[in-house]
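Asks: Would you mind keeping the following structure in view while I ask a few things?
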Amino acid sequence: MRKILAWAILFALMSVSVTATESTAPLRGWYPNIGAGVRALGMGGAFTAVADDLSTALWNPAGFENVDAGKVDFMHTDLFGMGISYDYFAATCNLPVLGRSGLTLTRLDASSALAFPYNETAFYLSKAKAAQLPLIGFAQLGMNIKVLPVKFESAEFDVSALGLGFDLGILVEKGKFRFGGMLNDPYTVMRGKKAESGVLDSDINEKLVPVFSLGAAYAPDDLTVIAVDHNQGWRLGVEREVAPGIALRAGINGGSLSAGFGIKAGNIRVEYSFQQDNLGDAHRIGLGLEM
Numbered sequence: 000m001r002k003i004l005a006w007a008i009l010f011a012l013m014s015v016s017v018t019a020t021e022s023t024a025p026l027r028g029w030y031p032n033i034g035a036g037v038r039a040l041g042m043g044g045a046f047t048a049v050a051d052d053l054s055t056a057l058w059n060p061a062g063f064e065n066v067d068a069g070k071v072d073f074m075h076t077d078l079f080g081m082g083i084s085y086d087y088f089a090a091t092c093n094l095p096v097l098g099r100s101g102l103t104l105t106r107l108d109a110s111s112a113l114a115f116p117y118n119e120t121a122f123y124l125s126k127a128k129a130a131q132l133p134l135i136g137f138a139q140l141g142m143n144i145k146v147l148p149v150k151f152e153s154a155e156f157d158v159s160a161l162g163l164g165f166d167l168g169i170l171v172e173k174g175k176f177r178f179g180g181m182l183n184d185p186y187t188v189m190r191g192k193k194a195e196s197g198v199l200d201s202d203i204n205e206k207l208v209p210v211f212s213l214g215a216a217y218a219p220d221d222l223t224v225i226a227v228d229h230n231q232g233w234r235l236g237v238e239r240e241v242a243p244g245i246a247l248r249a250g251i252n253g254g255s256l257s258a259g260f261g262i263k264a265g266n267i268r269v270e271y272s273f274q275q276d277n278l279g280d281a282h283r284i285g286l287g288l289e290m
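Numbering (numbering that gives the first Met the number 0), first residue to last: 0 to 290.
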């Protein structure tokens with residue numbers, strides 16, 4: 000029964016119909032629905048225009064212009080209590096030639112739930128830079144270059160693929176308002192092999208469908224942020240620092256409610272978020288370090 004439920008969750012998260020003639024059908028369907036970063040998810044994923052912490056590779060790479068080098072972030076969750084492990088790690092560092100850059104890794108492992116090897120991994124290299132743009136004025140521009148390996152091997156199917164692609168982001172600040180946009184996968188291609196019952200069935204050569212997100216954020220004071228996003232649906236989030244080093248968060252993504260908190264003591268941050276979902280509630284724990 001547990002294995003059947005895990006398969007149901009897998010296909011519900013993918014939400015795609017792949018046919019032989021559909022060249023833009025996304026092979027990788029998990030990540031756009033999961034996101035990363037305990038803070039952002041506690042705010043319902045309304046983070047496109049906030050984008051000021053290490054999770055910005057997933058929400059808007061332009062935000063890395065706001066993140067100092069020497070920071071590390073980690074998140075772990077057991078998705079819906081089904082033994083589907085989802086982990087995220089991010090860091091900022093100074094790289095030769097590139098300078099201050101973001102490095103992000105996400106990994107989903109459903110092997111335990113499905114009783115056969117299944118994992119998806121994403122590696123991101125992010126870079127952002129401030130610029131003066133005609134008509135817009137001061138803006139932050141960002142880009143992810145990413146590598147996306149996918150591997151699963153069941154009794155019937157064996158799929159091994161590798162994706163290469165990029166994302167683009169922009170942030171504009173006007174007084175107490177911030178506006179952001181992110182274009183996921185303007186050109187990301189998955190290539191690999193698919194076998195059925197041990198016999199090579201077909202080559203994989205699929206272009207992921209681009210997704211565009213828009214967001215706005217308003218900070219009435221230094222302690223409060225209110226944000227709204229649109230990406231195939233509306234997301235709304237709020238964060239309030241209620242005491243030095245202690246922040247409370249809440250959000251809504253479609254019909255799913257979320258909430259969370261963050262505590263910072265010295266160079267260490269501990270984060271927690273809770274998210275409602277029809278598939279089951281999700282609890283996420285995060286740890287951050289500033290060096």
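In this text, a Cβ means the ideal position worked out from N, Cα and C, and glycines have one as well.
Check each candidate in Ile144, Gln139, Met142, Ala112 and name the one with the smallest Cα separation from Phe151.
Replies: Counting from 1 along the sequence shown, the entry for residue 151 is found at position 152. Taking only the C-alpha atoms, the option nearest Phe151 is Ala112.
Asks: Cβ atoms of Lys175 and Ala218: under 7 Å apart, would you say?
Replies: Along the sequence shown, one-based indexing puts residue 218 at 219. Along the sequence shown, one-based indexing puts residue 175 at 176. The answer is yes: Cβ separation under 7 Å.
Asks: Out of Gly164, Leu53, Ala56, Asp202, point me to the one whose CA is closest to Val208's CA.
Replies: To locate residue 208, count along the sequence shown from 1; it is residue 209. For Val208, the nearest C-alpha among the options comes from Gly164.
Asks: Express the C-alpha separation of Ser159 and Gly232 in angstroms, rounding to a whole number.
Replies: Your numbering for residue 232 matches position 233 in the sequence shown. Your numbering for residue 159 matches position 160 in the sequence shown. In a straight line, the C-alpha of Gly232 is about 31 Å away from that of Ser159.
Asks: Counting along the chain, where does the alpha helix (DSSP H) carrying Gly41 start and finish?
Replies: As a working mapping, residue 41 is identified with position 42 in the sequence shown. Run containing Gly41: 37 to 41, per the alpha helix (DSSP H) assignment.
Asks: Which same chain residues, not among the five before or five after Ala68, have their C-beta less than 6 Å away from its C-beta?
Replies: What you label residue 68 is simply residue 69 of the sequence shown in a count that begins at 1. Around Ala68: Thr91, Cys92, Asn93, Arg99.
Asks: In angstroms with no decimal places, state the Cα-to-Cα distance between Val241 and Gly179.
Replies: Position 242 of the sequence shown, counted from the start, is the residue given in the question as residue 241. Position 180 of the sequence shown, counted from the start, is the residue given in the question as residue 179. Whole-angstrom Cα-Cα distance: 26 Å.
Asks: If I follow the unbroken alpha helix (DSSP H) through Leu353, where does it start and stop?
Replies: Because the chain is modelled from 0 through 290, residue 353 falls outside the range shown and cannot be assessed.
Asks: So, helix, strand or coil for Ala90, using DSSP?
Replies: The residue you call residue 90 lines up with position 91 of the sequence shown. Of the three classes helix, strand and coil, the one that applies to Ala90 here is strand, per DSSP.
Asks: Suppose the cutoff is 6 Å on Cβ atoms and the five residues either side in sequence are ignored; what does the same chain contact list for Lys193 look like?
Replies: Counting from one through the sequence shown, the residue named residue 193 turns up at place 194. Answer for Lys193: Val158, Asp200, Ser201, Ile203, listed in chain order.
Asks: Could you have a look at Leu57 and say whether DSSP puts it in helix, strand or coil?
Replies: Walking along the sequence shown from the start, residue 57 turns up at place 58. Three-state result, Leu57: helix.
Asks: By the DSSP assignment, the beta strand (DSSP E) with Asp292 in it spans what residues?
Replies: What is shown of the chain runs 0 to 290, which leaves residue 292 out entirely.
Asks: Could you give the distance in angstroms between the alpha-carbon of Gly259 and the alpha-carbon of Val149?
Replies: Numbered from 1 along the sequence shown, position 260 holds the residue referred to as residue 259. Numbered from 1 along the sequence shown, position 150 holds the residue referred to as residue 149. Each residue's Cα considered, the two are about 31 Å apart.
Asks: Short check: CB of Leu104 to CB of Glu119, under 7 Å?
Replies: Residue numbering aside, residue 104 sits at position 105 when the sequence shown is read from its first letter. Residue numbering aside, residue 119 sits at position 120 when the sequence shown is read from its first letter. No, Cβ-Cβ distance for Leu104 and Glu119 is not below 7 Å.
Asks: Closer than 6 Å: is that where the CB of Ala127 sits relative to any heavy atom of the ligand NAD?
Replies: Here there are no bound small molecules, and the ligand NAD is not part of this structure.
Asks: Put Leu33 into one of helix, strand or coil per three-state DSSP.
Replies: Numbered from 1 along the sequence shown, position 34 holds the residue referred to as residue 33. A small fix is needed here, since residue 33 is Ile in this sequence, not Leu. The answer is helix: DSSP assigns Ile33 an H, G or I state.
Asks: Could you tell me the boundaries of the beta strand (DSSP E) in which Lys175 lies?
Replies: Sequence index remark: in the sequence shown, residue 175 carries index 176 (1-based). Where Lys175 is concerned, there is no enclosing beta strand (DSSP E), given that its DSSP letter is neither H nor E.
Asks: Taking only runs that begin and end inside the stretch 114 to 183, name each unbroken beta strand (DSSP E) of 3 or more residues, in chain order.
Replies: 117 to 132, 136 to 152, 156 to 173, 176 to 183
Asks: Under 6 Å Cβ to Cβ from Asp72, same chain only, skipping five residues before and after it: list those, please.
Replies: For the purposes of this step, residue 72 is taken as residue 73 along the sequence shown, with counting starting at 1. Excluding sequence neighbours, Asp72 sits near Leu53, Ala89, Gly287.
Asks: In this structure, does DSSP put Asn65 in helix, strand or coil?
Replies: The residue labelled residue 65 in the question sits at position 66 within the sequence shown. Helix at Asn65.
Asks: Could you give the first and the last residue of the continuous beta strand (DSSP E) run that contains Gln354?
Replies: In the structure as shown, the chain starts at 0 and stops at 290, and residue 354 therefore has no counterpart that could be examined.
Asks: Note down the Cα distance separating Val96 from Glu238, rounded to an integer number of angstroms.
Replies: Along the sequence shown, one-based indexing puts residue 96 at 97. Along the sequence shown, one-based indexing puts residue 238 at 239. Whole-angstrom Cα-Cα distance: 36 Å.
Asks: Going straight from the alpha carbon of Gly292 to that of Val210, what length do you get?
Replies: This structure does not reach residue 292, given that the chain is present from 0 up to 290, and the question cannot be answered.
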